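Numbering (the working numbering), first residue to last: 44 to 896. By construction, the Cβ of each residue, glycine as well, lies at the ideal position given by its N, Cα and C atoms. Just so you know, these numbers come straight off a predicted model, no measurement behind them. Taking it in order: structure first as structure tokens, then the write-up.
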């Protein structure tokens, strides 16, 4: 279909007056076919399409694929135009969701049309999601600073489509999102507006930075799902057979940070407020006038390049406050805005910011430590670029932090590896005065060093500042060093562009760098590593095969049940055949019910001798929206060999635990194979929790077999003896796992120790040797998939399961396999029959792995 489409577009290009910067001169708007004219835009295909007028430009990815599995045909670049100059790209993507994130209509691009009339230019496209027909029209008037969008959806099937989560989705290339009454932050679950403090009539959201505002006015919008770099104004609808629904929106572009202008456009009728801004009698400019609701939450802000300002607002009562860079805010002034009337408010009491300089050191060695610095108190800037809510030590000077704050009294938390290796240090009642500088030395007491146990830790899911990421390479390394991690790691969506720079900054911290990429098709995300190039993502077969060919030693399935590979597999939504040749599955970010699902299915697989291992990562995109880097993390047993290859092989063989805080140093190692001794299975544990230990749970074959309560001590050594007959009684492959909780409700979870009565115990890994072999897998109806895993014995053990498919495919690829290891990392495919009992198992898993109350 794509080849046919491109031939059609090529033919249009040969005859159309709209080709290659062609326009209808009388309209002032034009269509450009070819690479985007937007600076730093991603659309570089010869058939990409740009709509442009004197206010804005937007480019649709036709030849160019949008990110994250978004189908071709949606917007991939957008920017305001000022004085004839197109500004820097602002959008990563703008699309329509047919049923929540990842459920885009697949555009039938044979039917794409574009053209012009006497008032503007337009592009129309048709797509389908299941039985839902979606027709989307983008119309750009010649003389307006907005794009008008209409999505018409029709249920062409004979069954109702229930509880569809629908609406437009906007992801920023740079800057932050803002929703009136909610502000800037994270709230992923689509939630009614009133529950988030958003006024019922405020049907708009924005993306912004110092040099732009993009406002999305969405009258249909009843629910919000958002993060700092993307925002989805949504609604939930049931569409009956034959029923049609229409969603309209405006995408407003401004070359300045002015969300009140978007609020005014959405409201239609407005009043104005005018006045001046000064500090100590001196005029202040540029200035930002923030309008707050009665809840105390920001509604919008206006912008003025001069000390004199005028802003338009919908009618209502507000508290206004002036902000400016380098100053603390003014006092708030109440004002009532009436349609067609002007009110006046002058601000006279802005105060210069103060400065706090911190020198952060290891209390025992005096070495400089990176840290996150979190002030509590004072007034937090409502605009992200006016002042951070989280500060970090300087990339160019480890252990030094410079914190500029509005005048006020603060408690300052200095966090190096807080909750993992040390307790955060809190500086109380720090008074910041206008224009003054305070200098302090902060000593952090490190309580536990995993390296002394042969363990090294990494956050194996972290983004930099590509696509929806907001963390520049220097600060990615600083944040990972501040989290007390031993390795630096990056996995940007379908990009390796920042790897070289991150590697350079990692050297300044003495951290080995693991290069990865988050391969991001719509049916599942993967982090293979180490890889230094992009990966084919057309199908599971091509993706996993290409990752191995790119040199990956580990292929991780990210968030398997949160729009992930396992969810698509079980829902039969994969484009082609399920490919089982990956190695690890992820616990992602903050623990939720999808992680319970992941662990439950893993338990089933382990009992069937299918040896995928747990991995983890924070999935941090923006280190300034919260200090989440390193939570959770993977700690791998490497002994004295702290290399990227050693870390990968430890993950591949399960010699790891994942943790949100506690440290679990166990003998035998996770991933080892042991035999009972004298009718007992013995686990020797060295446990640490800087928040204090609360309890330990031993799981055998998916069931709890032992629990121990602690009294809040930070360190405990113990030896556990489990009756072998109890562990071996369950049919299938026997295994045991340890889960530890701290008093803050944070958990750590080991990978399994395998129990085998036919071998002697092999608790410690031997030196790994690698060789390249060719693996050929044939999947045909009711055929067999066989994978071989090598154990440190003369006998090779094979795990075999059966998978039923409706297609035939042969995959031949080169893979790294290991010799002289305790347990091989290969895994056979899990048959859908394994899902039987998962619902019951999920209930057990929830009780066992949820955070302790």
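Item: Whole-number beta carbon distance between residue 265 and residue 235, since they are thought to touch under 8 Å; Value: 6 Å
Item: Given residue 595 as reference, the closest of 501, 777, 577 once Cα atoms are compared; Value: 577
Item: Top-ranked residue by Cα proximity to residue 71, from 730, 138, 766, 124; Value: 124
Item: Sub-7 Å separation of residue 662 and residue 504 beta-carbons; Value: yes
Item: Chain-order list of residues whose beta-carbon lies under 6 Å from that of residue 760 (same chain, five-residue window excluded); Value: 729
Item: Terminal residues of the beta strand (DSSP E) in which residue 198 lies; Value: 189 to 198
Item: For residue 330: DSSP bridge partner residues; Value: 347
Item: Residue span of the alpha helix (DSSP H) that contains residue 639, given as start and end; Value: 636 to 650
Item: Minimum length 3: unbroken beta strand (DSSP E) runs contained in the stretch 650 to 712; Value: 656 to 660, 676 to 680, 699 to 702, 706 to 710
Item: Alpha-carbon spacing of residue 332 relative to residue 340, whole angstroms; Value: 14 Å
Item: Cβ separation of residue 477 and residue 394, assumed to be a contact under 8 Å, to the nearest whole Å; Value: 4 Å
Item: Own chain partners of residue 360 with C-beta closer than 6 Å, once the 5 adjacent residues on each side are dropped; Value: 379
Item: 7 Å Cβ shell around residue 278 - same chain, five flanking residues per side excluded; Value: 209, 210, 263, 264, 265, 266
Item: Range of the contiguous beta strand (DSSP E) that encloses residue 730; Value: 723 to 731
Item: Residue 604 and residue 641 closer than 7 Å at C-beta; Value: yes
Item: Nearest-angstrom Cα separation, counted from residue 439 out to residue 495; Value: 28 Å
Item: Which listed residue (701, 697, 708) has its alpha carbon closest to that of residue 716; Value: 697
Item: Exposure of residue 745, with buried meaning 16 or more beta-carbon neighbours within 10 Å; Value: buried
Item: Per-residue burial, residue 750 [other beta carbons within 10 Å of its own, 16 or more giving buried]; Value: exposed
Item: Three-way DSSP call (helix, strand, coil) for residue 554 in this model; Value: coil
Item: C-beta atoms of residue 337 and residue 371 nearer than 7 Å; Value: no
Item: Buried or exposed (CB count within 10 angstroms, at least 16 for buried), residue 400; Value: exposed
Item: Alpha-carbon spacing of residue 243 relative to residue 352, whole angstroms; Value: 28 Å
Item: The stretch 540 to 558 touching the stretch 580 to 592, judged by at least three CB pairs closer than 8 Å; Value: no
Item: Spatially closest choice to residue 246 from 232, 221, 228, 229, by CA coordinates; Value: 221
Item: Neighbourhood of residue 624 by C-beta distance below 6 Å, restricted to the same chain and skipping five residues each side; Value: 587
Item: Segment limits, beta strand (DSSP E) that includes residue 100; Value: 99 to 103
Item: Cα-Cα separation between residue 543 and residue 512, rounded to whole angstroms; Value: 17 Å
Item: Residue 647 to residue 702 span [Cα, whole Å]; Value: 22 Å
Item: Residue(s) in a DSSP beta bridge with residue 116; Value: Beta-bridge pairing links residue 116 to no other residue.
Item: Nearest-angstrom Cα separation, counted from residue 119 out to residue 216; Value: 9 Å
Item: Supposed contact pair residue 685 and residue 499 - C-beta distance, whole angstroms, cut 8 Å; Value: 5 Å
Item: Proximity below 7 Å, CB of residue 571 to CB of residue 558; Value: no
Item: Segments of 4+ residues assigned as alpha helix (DSSP H) that fall wholly inside the stretch 731 to 776; Value: 767 to 771
Item: Residue environment, residue 458, which counts as buried when at least 16 other CB atoms sit within 10 Å; Value: buried
Item: Which of helix, strand or coil DSSP assigns to residue 849; Value: Only weak support is given to the placement of residue 849: the predicted model assigns it a pLDDT of 32, under 50, and the value that follows is read from those uncertain coordinates. Three-state DSSP puts residue 849 in coil, outside helix and strand.
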